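Per the UniProt record's numbering: the sequence shown = residues 1 to 120.
Ideal placement from N, C-alpha and C gives every residue a C-beta, glycine not left out.
Everything numeric in this text was worked out from a predicted model, so none of it was measured.
Each remark here refers to the structure printed beneath this line.
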Amino acid sequence: MENVEAECRGLAEVIARIGDKWTVMVCGHLSEGTHRFNALKHRIPGISHRMLTITLRGLERDGLVARKAYATVPPKVEYCLTPLGQSLTGPLAALASWALENRPALEQARAAFDRRAAQD
């Protein structure tokens, strides 16, 4: 039983990492190639400097993103997907495709639910 619980906790951690909206956005942009921090920040609508920093550090810690710092003035830092991170792009692309295809159905279901809830 302990082993099952440990596996569930481990799986939950992985899903929390790869299912986070900022992770999906960052990995999506890095799947196009190497980017500097400010380029990522400008390309991802709504992400704050702090949240991008936290997301990139978490992805680096998990081995999905590599960070390369150059000793220049001003400092230059680039981020790219590792081979492990690149292996995630296929599943994320499939999820994005599913979301785009099924968004209208989800919105219809939400509207119907909200109408029923308002009547009760």
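- prompt: Roughly how many whole angstroms lie between the Cα atoms of residue 107 and residue 94?
  reply: 20 Å
field: Where residue 53 falls, given that 16 or more other Cβ within 10 Å makes a residue buried
entry: exposed
field: residue 122 versus residue 105 - alpha carbon distance
entry: What the structure shows of the chain is the stretch from 1 to 120, and residue 122 is not part of that stretch, so it cannot be assessed.
- prompt: In whole angstroms, what separates the C-alpha of residue 24 from that of residue 120?
  reply: 37 Å
- prompt: Alpha carbon to alpha carbon, how far is residue 17 from residue 66?
  reply: 16 Å
- prompt: If you draw a straight line from the C-alpha of residue 118 to the C-alpha of residue 75, how long is it?
  reply: 55 Å
query: Three-state secondary structure (DSSP) at residue 73?
result: coil
field: 8 Å Cβ cutoff met for residue 92 and residue 28
entry: yes
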